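Novice: Chains as they are written, first to last, in this note's numbering: chain G, 218 to 569; chain L, 218 to 569.
Here a beta-carbon is modelled for each residue, glycine too, at the ideal position from N, C-alpha and C.
Note that the structure is predicted; figures quoted are calculated from it, not measured.
The structure is given below, and queries will be raised subsequently.
2 protein chains.
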Amino acid sequence: MIKNDLLLKTLRGEPTERTPVWMMRQAGRYLPDYRTLRDKYDFFTRVQTPALATEITLQPVDQIGVDAAILFSDILVVLQAMGLEVQLIENKGPVLPDPVRIAADLTRIRVPDVEETLGYVFEAIRLTKKELNNRVPLIGFAGAPWTLLCYMVEGKGSKTFDGVKSFCYTQPELAHRLLQMLTDTTIAYLKQQVKSGVDAIQLFDSWGGLLSPDDFEMFSLQYMRQIIQALKNEVPAILFAKGAWGSIPEMVQTGCAGVGLDWCIRPETARKMAGQGVTLQGNLDPARLMSPVPEIKKEVTKMLNGFGPGRYIANLGHGILPHVPVDHAKAFVDTVKNHVYQSREKQVFSSL
Amino acid sequence: MIKNDLLLKTLRGEPTERTPVWMMRQAGRYLPDYRTLRDKYDFFTRVQTPALATEITLQPVDQIGVDAAILFSDILVVLQAMGLEVQLIENKGPVLPDPVRIAADLTRIRVPDVEETLGYVFEAIRLTKKELNNRVPLIGFAGAPWTLLCYMVEGKGSKTFDGVKSFCYTQPELAHRLLQMLTDTTIAYLKQQVKSGVDAIQLFDSWGGLLSPDDFEMFSLQYMRQIIQALKNEVPAILFAKGAWGSIPEMVQTGCAGVGLDWCIRPETARKMAGQGVTLQGNLDPARLMSPVPEIKKEVTKMLNGFGPGRYIANLGHGILPHVPVDHAKAFVDTVKNHVYQSREKQVFSSL
Numbered sequence: 218m219i220k221n222d223l224l225l226k227t228l229r230g231e232p233t234e235r236t237p238v239w240m241m242r243q244a245g246r247y248l249p250d251y252r253t254l255r256d257k258y259d260f261f262t263r264v265q266t267p268a269l270a271t272e273i274t275l276q277p278v279d280q281i282g283v284d285a286a287i288l289f290s291d292i293l294v295v296l297q298a299m300g301l302e303v304q305l306i307e308n309k310g311p312v313l314p315d316p317v318r319i320a321a322d323l324t325r326i327r328v329p330d331v332e333e334t335l336g337y338v339f340e341a342i343r344l345t346k347k348e349l350n351n352r353v354p355l356i357g358f359a360g361a362p363w364t365l366l367c368y369m370v371e372g373k374g375s376k377t378f379d380g381v382k383s384f385c386y387t388q389p390e391l392a393h394r395l396l397q398m399l400t401d402t403t404i405a406y407l408k409q410q411v412k413s414g415v416d417a418i419q420l421f422d423s424w425g426g427l428l429s430p431d432d433f434e435m436f437s438l439q440y441m442r443q444i445i446q447a448l449k450n451e452v453p454a455i456l457f458a459k460g461a462w463g464s465i466p467e468m469v470q471t472g473c474a475g476v477g478l479d480w481c482i483r484p485e486t487a488r489k490m491a492g493q494g495v496t497l498q499g500n501l502d503p504a505r506l507m508s509p510v511p512e513i514k515k516e517v518t519k520m521l522n523g524f525g526p527g528r529y530i531a532n533l534g535h536g537i538l539p540h541v542p543v544d545h546a547k548a549f550v551d552t553v554k555n556h557v558y559q560s561r562e563k564q565v566f567s568s569l
Numbered sequence: 218m219i220k221n222d223l224l225l226k227t228l229r230g231e232p233t234e235r236t237p238v239w240m241m242r243q244a245g246r247y248l249p250d251y252r253t254l255r256d257k258y259d260f261f262t263r264v265q266t267p268a269l270a271t272e273i274t275l276q277p278v279d280q281i282g283v284d285a286a287i288l289f290s291d292i293l294v295v296l297q298a299m300g301l302e303v304q305l306i307e308n309k310g311p312v313l314p315d316p317v318r319i320a321a322d323l324t325r326i327r328v329p330d331v332e333e334t335l336g337y338v339f340e341a342i343r344l345t346k347k348e349l350n351n352r353v354p355l356i357g358f359a360g361a362p363w364t365l366l367c368y369m370v371e372g373k374g375s376k377t378f379d380g381v382k383s384f385c386y387t388q389p390e391l392a393h394r395l396l397q398m399l400t401d402t403t404i405a406y407l408k409q410q411v412k413s414g415v416d417a418i419q420l421f422d423s424w425g426g427l428l429s430p431d432d433f434e435m436f437s438l439q440y441m442r443q444i445i446q447a448l449k450n451e452v453p454a455i456l457f458a459k460g461a462w463g464s465i466p467e468m469v470q471t472g473c474a475g476v477g478l479d480w481c482i483r484p485e486t487a488r489k490m491a492g493q494g495v496t497l498q499g500n501l502d503p504a505r506l507m508s509p510v511p512e513i514k515k516e517v518t519k520m521l522n523g524f525g526p527g528r529y530i531a532n533l534g535h536g537i538l539p540h541v542p543v544d545h546a547k548a549f550v551d552t553v554k555n556h557v558y559q560s561r562e563k564q565v566f567s568s569l
């Protein structure tokens with residue numbers, strides 16, 4: 218019953234009249250109305266107040282015209298639900314004052330009842346679905362267990378996350394125990410998001426690309442596979458592991474409907490690695506939206522032609538940057554919407 | 218006349234009795250003798266005093282038994298020579314108090330006389346060659362123009378260098394003018410390093426992997442190509458562009474003798490992309506040296522078998538981390554030295 222179901226059709230491999238488009242972090246700081254709310258309410262107040270989360274989620278749908286909403290929230294709410302304190306310092310990133318480092322820290326962590334600890338997320342989903350009134354689908358999301366472990370152990374952001382790697386290499390049993398707890402929590406969390414109304418989910422592995430392909434399998438992908446397997450019969454799942462290009466074939470094999478890509482891979486290379494049976498999503502360099510509008514149009518057109526029509530969702534290769542002018546974001550979205558592929562036959566690209 | 222010429226033979230594609238090994242940042246903080254000098258002399262005193270630079274350069278040759286020395290220096294000395302102030306704050310990274318942002322800043326920058334501005338580097342090379350007494354080859358190096366531009370514009374380190382990208386996308390003419398000045402300076406600098414005695418050079422593009430493949434060509438590779446072309450008939454050149462795996466075939470075509478790899482690519486994939494006519498170098502995850510020694514041996518053996526013998530130099534995928542125990546670094550080097558490939562025929566791997 219969703220009026221604009223381009224995204225869902227594309228994830229299912231069905232033909233569509235044009236390529237759908239949305240932007241990671243589309244509900245965020247580049248929007249003046251978001252900044253107004255940011256000045257009034259702190260980060261976790263915005264996340265934990267369903268009316269605010271809903272308002273923020275809808276802003277890019279109303280103002281930029283994207284083809285999907287994605288719930289305004291944060292991947293770290295799962296760590297809070299598991300018993301850890303998470304602070305978010307504006308413009309600085311997350312801080313966990315008591316990170317996990319040794320086995321004894323397990324006493325502070327639990328696989329929580331998600332209804333009890335994350336009820337505000339499900340309430341925000343129900344409210345957003347009501348406000349969206351079936352205009353576009355709503356995407357739910359969670360952080361990948363590996364990315365959550367990065368923050369859980371490191372206690373803050375890092376360029377290379379050497380601390381959590383060292384933790385995994387010296388205390389692998391503890392690392393795997395935590396990763397399984399994160400996985401179990403995430404499955405319950407996403408299942409409840411689906412029950413509350415999300416139409417698709419995306420799993421964000423922001424730091425998967427810091428691992429070698431073998432370590433990515435060991436510390437990240439095997440857990441994401443469990444999550445995708447548990448969810449894939451309920452809603453289509455998109456797996457986005459930034460930088461983990463070397464494992465694209467293995468990601469496809471998890472059973473996900475879509476694979477997200479960063480900007481460091483050519484569309485043709487990605488399609489060759491992924492095969493024809495999965496939808497690809499991405500992958501403009503977010504910094505490219507700082508270019509003048511004619512340049513943006515040129516770059517987006519090149520990207521669209523590179524991926525070709527069908528089984529493709531236009532997006533950025535990572536979250537939109539805070540300093541992007543609103544009309545540049547709109548130019549990105551409008552270029553996708555107005556794009557005409559050269560061959561009409563190509564437009565109708567059936568499921569493979 | 219160099220006694221241990223494994224590295225040079227391998228770069229030329231000649232057969233060797235075993236795989237050569239060295240480590241990026243092998244002269245550095247993980248060595249107690251380095252830390253002693255660090256406590257006495259600040260960073261640029263260590264870099265600019267030939268006797269100190271020589272002493273530090275030799276430490277890993279004497280203490281770890283690597284098959285090559287690499288001059289202790291810093292890529293940012295080129296920016297100093299071009300007229301910019303560079304501060305290096307211990308454990309924090311570089312800071313340029315007056316970064317380049319607008320065309321008017323060009324008046325502060327020059328293509329310098331390298332003899333005059335970087336004479337201490339050439340003096341350190343001559344002294345190191347004397348002290349090495351032909352035991353192992355000496356590698357000279359420089360930063361890639363793109364990576365130097367990152368610091369020149371951003372004024373400090375960054376996770377994503379969005380500032381310099383935005384600079385390139387909004388002021389491309391100025392960016393290209395600066396990149397050409399950096400290229401001209403680097404060519405003169407490396408030519409003088411060769412005249413002073415280095416046996417090979419490595420070009421470090423630490424931030425090339427932050428660019429899309431097309432932008433990598435436009436803002437990085439076309440300038441590295443000029444440098445390699447200018448140098449390749451003098452000494453073998455190794456090109457290391459961290460994260461720029463998507464452009465491996467294009468890097469090979471620059472005429473470099475070797476391509477450095479980070480740990481996010483499987484050896485087999487890298488060889489397939491690079492073809493047989495180039496030496497590959499890398500690529501253990503530096504964080505893997507935090508593992509217990511038996512694990513290190515296992516991982517290094519897997520890497521060696523993945524690359525196979527011939528046209529391969531064992532190394533890390535990035536610089537060694539400061540907290541690595543010395544015996545772990547030695548375990549890395551010794552595992553390479555003691556490795557026996559399964560088939561004897563494979564050991565003799567002639568130039569292709």
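Can you check DSSP and say which residues form a bridge with G/V312?
Specialist: Mapped onto the first sequence, residue 312 of chain G falls at position 95. Answer is G/Q304 and G/K373, bridged to G/V312.
Novice: Do you know offhand how far L/K514's Cα is from L/Q498's?
Specialist: Counting from one through the second sequence, the residue named residue 514 of chain L turns up at place 297. Counting from one through the second sequence, the residue named residue 498 of chain L turns up at place 281. Roughly 18 Å separates the two Cα atoms.
Novice: Which parts of the segment 469-547 of chain G are runs of the beta strand (DSSP E), unbroken and 3 residues or longer, counting only runs that do not cross its ends?
Specialist: Listed in chain order, they are 475-477, 496-501 and 529-533.
Novice: Once you ignore the five residues that flank L/I404 on each side, which residues in its own chain have a CB closer than 8 Å to its CB?
Specialist: The residue labelled residue 404 of chain L in the question sits at position 187 within the second sequence. Excluding positions up to five away in sequence, the list reads Q443, I444, A447 and L448.
Novice: Given that L/R483 touches chain G, what residues does it touch there, using C-beta distances under 7 Å?
Specialist: Reading the second sequence from its first residue, position 266 is the one you call residue 483 of chain L. Residues of chain G passing the Cβ test: P430 and G463.
Novice: Is L/M435 close to chain G, meaning its C-beta is less than 9 Å from at least one C-beta of that chain?
Specialist: The residue given as residue 435 of chain L occupies position 218 in the second sequence. Chain G, which has no Cβ nearer than 9 Å to the Cβ of L/M435, makes this no.
Novice: Identify the contact partners of G/M240 in chain L, using a Cβ-Cβ distance below 8 Å as the criterion.
Specialist: Against the first sequence, residue 240 of chain G aligns to sequence position 23. Going along chain L, no residue has its Cβ under 8 Å from G/M240, so there is no contact; the nearest lies around 16 Å.
Novice: Do L/M369 and L/L399 come within 9 Å of each other at the CB atom, strictly closer than that value?
Specialist: Locating residue 399 of chain L in the second sequence gives position 182, counting from the first residue. Locating residue 369 of chain L in the second sequence gives position 152, counting from the first residue. Cβ atoms of L/L399 and L/M369: closer than 9 Å.
Novice: Of all the options L/L395, L/N555, L/N351 and L/Y258, which has the alpha carbon lying nearest to the alpha carbon of L/L305?
Specialist: Counting from one through the second sequence, the residue named residue 305 of chain L turns up at place 88. Measuring from the Cα of L/L305, the nearest candidate turns out to be L/Y258.
Novice: Does L/S568 get closer than 9 Å to chain G when you measure Cβ to Cβ?
Specialist: Counted from its first residue, the second sequence places residue 568 of chain L at position 351. With a pLDDT of 35 at L/S568, under the threshold of 50, the modelled position of that residue is not reliable, and the figure given next carries that caveat. Judged by the 9 Å Cβ criterion, L/S568 is not in contact with chain G.
Novice: Measuring only between beta-carbons, confirm whether L/W480 sits less than 9 Å from chain G.
Specialist: Translated into positions along the second sequence, residue 480 of chain L becomes position 263. Cβ-Cβ to chain G under 9 Å: yes for L/W480.
Novice: Using the C-alpha atoms, what's the distance from G/R229 back to G/L533?
Specialist: By one-based count along the first sequence, residue 533 of chain G stands at place 316. By one-based count along the first sequence, residue 229 of chain G stands at place 12. Rounded to whole angstroms, G/L533 to G/R229 spans 21 Å at the Cα level.
Novice: With DSSP as the reference, identify every bridge partner of L/I356, one or two as the case may be.
Specialist: The residue labelled residue 356 of chain L in the question sits at position 139 within the second sequence. For L/I356, which the question treats as bridged, DSSP gives the partners L/I287 and L/A417.
Novice: G/D222 touches chain L at which residues, Cβ-Cβ below 9 Å?
Specialist: Taking the first residue of the first sequence as position 1, residue 222 of chain G is located at position 5. In chain order: nothing, as chain L lies at least about 31 Å away.
Novice: Per DSSP, what kind of secondary structure is L/L296 in: helix, strand or coil?
Specialist: If you number the second sequence from 1, residue 296 of chain L lands on position 79. It is helical.
Novice: Check whether chain G comes within 9 Å of L/E332, counting only Cβ atoms and requiring the distance to be less than that.
Specialist: Residue 332 of chain L sits at position 115 when you count from the first residue of the second sequence. It does not; no Cβ of chain G falls within 9 Å.
Novice: Below 7 Å on C-beta distance, what does L/S423 contact in chain G?
Specialist: Within the second sequence, the letter at position 206 stands for residue 423 of chain L. Neighbours of L/S423 on chain G: none; closest Cβ ~11 Å, over 7 Å.
Novice: Note down, in chain order, every chain G residue with its Cβ under 8 Å from the Cβ of L/M507.
Specialist: Within the second sequence, the letter at position 290 stands for residue 507 of chain L. What L/M507 touches in chain G: D379, K382, S383, Y386 and T387.
Novice: DSSP on G/D330, reduced to helix/strand/coil?
Specialist: As a first step, residue 330 of chain G must be located in the first sequence, where it is residue number 113. DSSP places G/D330 in coil when its eight states are reduced to three.
Novice: Taking C-beta to C-beta, are G/G578 and G/V278 nearer than 9 Å?
Specialist: As shown, chain G starts at 218 and ends at 569. That puts residue 578 of chain G outside it, with no answer to give.
Novice: Measure the C-alpha to C-alpha separation of G/I530 and G/L225 and round it to an integer number of angstroms.
Specialist: One-based indexing of the first sequence puts residue 530 of chain G at position 313. One-based indexing of the first sequence puts residue 225 of chain G at position 8. Cα to Cα, the separation comes out at about 10 Å.
Novice: Please list, in chain order, the chain G residues whose beta carbon lies closer than 8 Å to that of L/A504.
Specialist: Within the second sequence, residue 504 of chain L is the residue found at index 287, counting from 1. Within chain G, the residues near L/A504 are T377, D379, K382, S383 and Y386.
Novice: Out of L/G523, L/D544 and L/K547, point me to the one whose CA is closest to L/Q559's CA.
Specialist: Stepping through the second sequence from its first residue, residue 559 of chain L is reached at position 342. Per the Cα distances, L/G523.
Novice: Looking only at its chain, what residues have a beta carbon closer than 7 Å to the beta carbon of G/D330, apart from the 5 residues adjacent to it on each side?
Specialist: On the first sequence, position 113 is the one that residue 330 of chain G refers to. Correct list: empty, nothing qualifies.
Novice: Give the straight-line distance between the Cα atoms of G/S567 and G/V283, rounded to the nearest whole angstrom.
Specialist: On the first sequence, residue 567 of chain G is found 350 positions in, with the first residue counted as 1. On the first sequence, residue 283 of chain G is found 66 positions in, with the first residue counted as 1. Residue placement at G/S567 is flagged as unreliable, the pLDDT there being 39, under the threshold of 50; the coordinate-derived value follows with that caveat. About 23 Å.
Novice: Tell me the start and end of each unbroken beta strand (DSSP E) in the segment 423-463 of chain L that is at least 3 residues and wholly inside, in chain order.
Specialist: Runs of the beta strand (DSSP E) inside the segment 423-463 of chain L: 454-458.
Novice: Please state whether the Cβ-Cβ distance between L/F421 and L/F358 is less than 9 Å.
Specialist: Position 204 of the second sequence holds residue 421 of chain L. Position 141 of the second sequence holds residue 358 of chain L. Yes. Within cutoff.
Novice: Alpha carbon to alpha carbon, what distance is there between L/D502 and L/I537?
Specialist: Mapped onto the second sequence, residue 537 of chain L falls at position 320. Mapped onto the second sequence, residue 502 of chain L falls at position 285. One C-alpha to the other measures close to 9 Å.
Novice: Just to confirm the assignment, what range does the alpha helix (DSSP H) spanning L/D259 have?
Specialist: Residue 259 of chain L sits at position 42 when you count from the first residue of the second sequence. Careful: L/D259 lies outside any alpha helix (DSSP H) and carries neither H nor E.
Novice: Would you please verify whether the beta carbon of L/L538 is less than 9 Å from any beta carbon of chain G?
Specialist: Within the second sequence, the letter at position 321 stands for residue 538 of chain L. Chain G contact via Cβ: present.
Novice: My assumption, with CB atoms under 8 Å, is that L/E340 sits in contact with L/L275. Please give the rounded CB distance.
Specialist: Locating residue 340 of chain L in the second sequence gives position 123, counting from the first residue. Locating residue 275 of chain L in the second sequence gives position 58, counting from the first residue. That belief does not hold up - the Cβ atoms of L/E340 and L/L275 are roughly 15 Å apart, past 8 Å.
Novice: With a cut-off of 8 Å on the beta carbons, I'd call G/L288 and G/T345 a contact; round off their distance for me.
Specialist: For the purposes of this step, residue 288 of chain G is taken as the residue at position 71 of the first sequence. For the purposes of this step, residue 345 of chain G is taken as the residue at position 128 of the first sequence. Confirmed, about 6 Å.
Novice: If we call anything under 9 Å between Cβ atoms a contact, is L/V415 one with L/I342?
Specialist: Position 198 of the second sequence, counting from 1, holds the residue named residue 415 of chain L. Position 125 of the second sequence, counting from 1, holds the residue named residue 342 of chain L. Against a cut-off of 9 Å, the Cβ pair of L/I342 and L/V415 comes out as a contact.
Novice: Take L/Q280 and list the residues in its own chain whose beta-carbon comes closer than 8 Å to its own, dropping the five residues that flank it on each side.
Specialist: Position 63 of the second sequence, counted from the start, is the residue given in the question as residue 280 of chain L. Closer than 8 Å at Cβ, skipping near neighbours: L248, D250 and V543.
Novice: Quick one: what's G/V238 bridged to in DSSP?
Specialist: Within the first sequence, numbered from 1, the residue matching residue 238 of chain G stands at position 21. G/A531.
Novice: How many whole angstroms separate the CB atoms of G/L293 and G/L269, which I take to be in contact at a CB cut-off of 8 Å?
Specialist: Working through the first sequence from its first residue, we reach residue 293 of chain G at position 76. Working through the first sequence from its first residue, we reach residue 269 of chain G at position 52. 17 Å between Cβ atoms; not a contact.
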